[in-house]
Every structure is written in structure tokens, then in C-alpha cells.
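Reading through the C-alpha cells given below for one structure.
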Amino acid sequence: MKKFVDVMDKKASSQFMTSCRRLTTAGGTIIALAHVNKRQNDNGEGIPAGTSDILDDCDCAYVLNVLGDENAPEGKRRTVEFQQKKARGPVVQKAVYSYQIIHHDYYQMFISVKLVEGNEADRVRYKTAVDNEKANDLEMIQAITGVLKNAEPTNQKDIVAALISSDSISRRKLIDCLKRWSCSPDEGGLWDMTKGGANSNCYRLLA
Numbered sequence: 001m002k003k004f005v006d007v008m009d010k011k012a013s014s015q016f017m018t019s020c021r022r023l024t025t026a027g028g029t030i031i032a033l034a035h036v037n038k039r040q041n042d043n044g045e046g047i048p049a050g051t052s053d054i055l056d057d058c059d060c061a062y063v064l065n066v067l068g069d070e071n072a073p074e075g076k077r078r079t080v081e082f083q084q085k086k087a088r089g090p091v092v093q094k095a096v097y098s099y100q101i102i103h104h105d106y107y108q109m110f111i112s113v114k115l116v117e118g119n120e121a122d123r124v125r126y127k128t129a130v131d132n133e134k135a136n137d138l139e140m141i142q143a144i145t146g147v148l149k150n151a152e153p154t155n156q157k158d159i160v161a162a163l164i165s166s167d168s169i170s171r172r173k174l175i176d177c178l179k180r181w182s183c184s185p186d187e188g189g190l191w192d193m194t195k196g197g198a199n200s201n202c203y204r205l206l207a
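Per the working numbering: the sequence shown ends with 207, consecutive numbering throughout.
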């Protein structure tokens, strides 16, 4: 879009979309690409850049969000999700695709695109959510892992006592982090929790 119009200029954007409407009224189709802001919304999704005129005047709009990268036999693959922001017809709400990351060969990257459906799409979404949450907990995860490496199993009280001196980590956040990642590896778990003496919670790192 920015090669044709200043998307930050409301008047220019409106005039450009009026010209586009004349073409589509005559039977033409326009597929336009535009940037999103560097700042994401509260859900970590892209926000269309520029004035609202572009989005207001188009017939269908999707925002593309990166779900994550994974290693595959043919190399690293990136999975992205198209989320519908506007539609004046029967189109899907969401669509997930993946493609091989190939630098300097856009043709090969293009032909590597494939649709991701059903359980595989759900798996990628879940993994992305887990990875994002782990990134938010990174400081606490590193601190807890350090304690567990030195003494296993370790009960919750001793872990909290060893780490509570840090000004940036609260007792409640530590306990929440311990509980959050005491699950199976398939769910993103990092440590195992068992019951110890006096009904205490004891943790050990997963192998």
C-alpha cells in the first residue's frame, strides 16, 4: 500500500480507496498488502498501520500473525495465522499456513506454503501460547531451575525461601510459576510435583 498512497494521510487514503472502488465496481479485484504497527494489541496480535480509511473501505481484510517457527526435516518452517478483521461476504474467520524459511529464494519459499488444518493448527497455537508464557516467566524459571539443580527434590517452602530475597520476584508469583509448569512435557512442563511430608509440595526437574 505504501508504494501507492501515504496510509497515514486520511484524505489521501480515502481518495485512493475511492479509486479502488471504481475498479472493483467494473469487475476488477485488488489484493493489497500493508504493514502493521510495531506495537501489538493486548493479545499479541498485529494492529493495522495508518488511518482507518483503508480498513473501512475495503471488502475483506485479514491480519497475518506469526504463530511460531519449528525445525522440520526440510529445514525451519514458520507458521502464520490469518485473522479476519472485516468481511462483506462468506469467508473464513481464520486460516493457518506454514512455509519453509528460505533466504534469497522466494520461489522455493512460495511453493513450500501449505495449509495447516485441524489438530495440527491447534497444536501450533497451543505451543505458541506456551512459549509466550514461558518467555514471560523466564526470570522465575531460571531461578527455580537453579535451585532444583542443586538439590532435588526440593519442597515449595525451601524454594520460595531461597528466592524470595530477590526484589523482582514475589512469593505469590513464584508459587504460581511452580504450579504452572508442574505438568507433563507435552503440556510444556519443566518439573514434576509430588507430595512430601506434612503434605508439602516437592519438586524435581523433568529429565
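Where a beta carbon is used, it is the ideal one built from N, C-alpha and C, also for glycine.
Use the C-beta contact count for residue i: other C-beta atoms within 10 angstroms, 16 or more gives buried, fewer gives exposed.
i: Asp186; result: exposed
i: Glu81; result: buried
i: Ser165; result: exposed
i: Phe16; result: buried
i: Ser13; result: buried
i: Arg77; result: buried
i: Lys151; result: Note that residue 151 is Ala in the sequence shown, not Lys. Ala151 should be labelled exposed.
i: Thr194; result: exposed
i: Thr24; result: exposed
i: Ala121; result: buried
i: Thr154; result: buried
Please name the residue, chosen from the options, that lies closest to residue i on a Cα-to-Cα basis.
i: Ser200; options: Ile169, Val160, Leu190; result: Val160
i: Tyr203; options: Ala12, Thr145, Phe4, Asn71; result: Thr145
i: Asp53; options: Glu120, Ala34, Thr79; result: Ala34
i: Gly188; options: Ala198, Ala135, Ile175, Leu148; result: Ala135
i: Cys183; options: Ser165, Val130, Leu163, Ser168; result: Val130
i: Asp137; options: Thr18, Tyr107, Ile169; result: Ile169
i: Val113; options: Ile101, Val147, Arg123; result: Ile101
i: Asp69; options: Asp56, Tyr97, Ile164, Ile141; result: Tyr97
i: Lys38; options: Ala87, Pro48, Gln108, Thr29; result: Pro48
i: Asn71; options: Ser13, Asp56, Val92, Tyr99; result: Tyr99
i: Val32; options: Asp9, Asp59, Trp181; result: Before going on, a small fix: residue 32 reads as Ala here, not Val. For the residues Asp9, Asp59, Trp181, the minimum Cα distance to Ala32 belongs to Asp59.
i: Ala207; options: Lys85, Leu163, Leu148, Gly46; result: Leu148
i: Gly46; options: Asn65, Val116, Asn119; result: Asn65
i: Val92; options: Glu117, Asp105, His103, Lys157; result: Glu117
Over what stretch of residues does the beta strand (DSSP E) that includes residue i continue unbroken?
i: Cys202; result: 201-205
Just confirm the distance between the C-beta atoms of residue i and residue j, as a whole number of angstroms; I'd bet it's less than 8 Å.
i: Gly75; j: Asn132; result: In fact, because the Cβ distance is near 24 Å, the residues do not count as touching under 8 Å.
i: Val63; j: Gln83; result: 5 Å
i: Thr51; j: Val5; result: Wrong, their Cβ atoms sit about 10 Å apart, outside the cutoff.
i: Trp191; j: Leu174; result: That pair is no contact at about 13 Å.
i: Val36; j: Thr79; result: So it is not a contact: roughly 17 Å between Cβ atoms.
i: Thr128; j: Leu178; result: Contact flag wrong, Cβ pair sits at about 23 Å.
i: Lys86; j: Ala61; result: 4 Å
i: Asp57; j: Arg21; result: 7 Å
i: Gly143; j: Leu163; result: What sits at residue 143 in the sequence shown is Ala, not Gly. With 8 Å as the limit, Ala143 and Leu163 qualify as a contact, their Cβ atoms being about 5 Å apart.
Starting from residue i, trace the alpha helix (DSSP H) in both directions and tell me its first and last residue.
i: Asp192; result: Asp192 -> not in any alpha helix (DSSP H); beta strand (DSSP E) instead, spanning 191-195.
i: Cys58; result: Premise fails: Cys58 is in no alpha helix (DSSP H) and is neither H nor E.
i: Ile169; result: Element bounds for Ile169: n/a, residue is neither H nor E.
i: Cys20; result: 10-25
i: Ile159; result: 156-163
At 4 residues or longer, and completely inside the region 64-152: list those alpha helix (DSSP H) runs for me, N to C.
106-111, 118-136, 138-150
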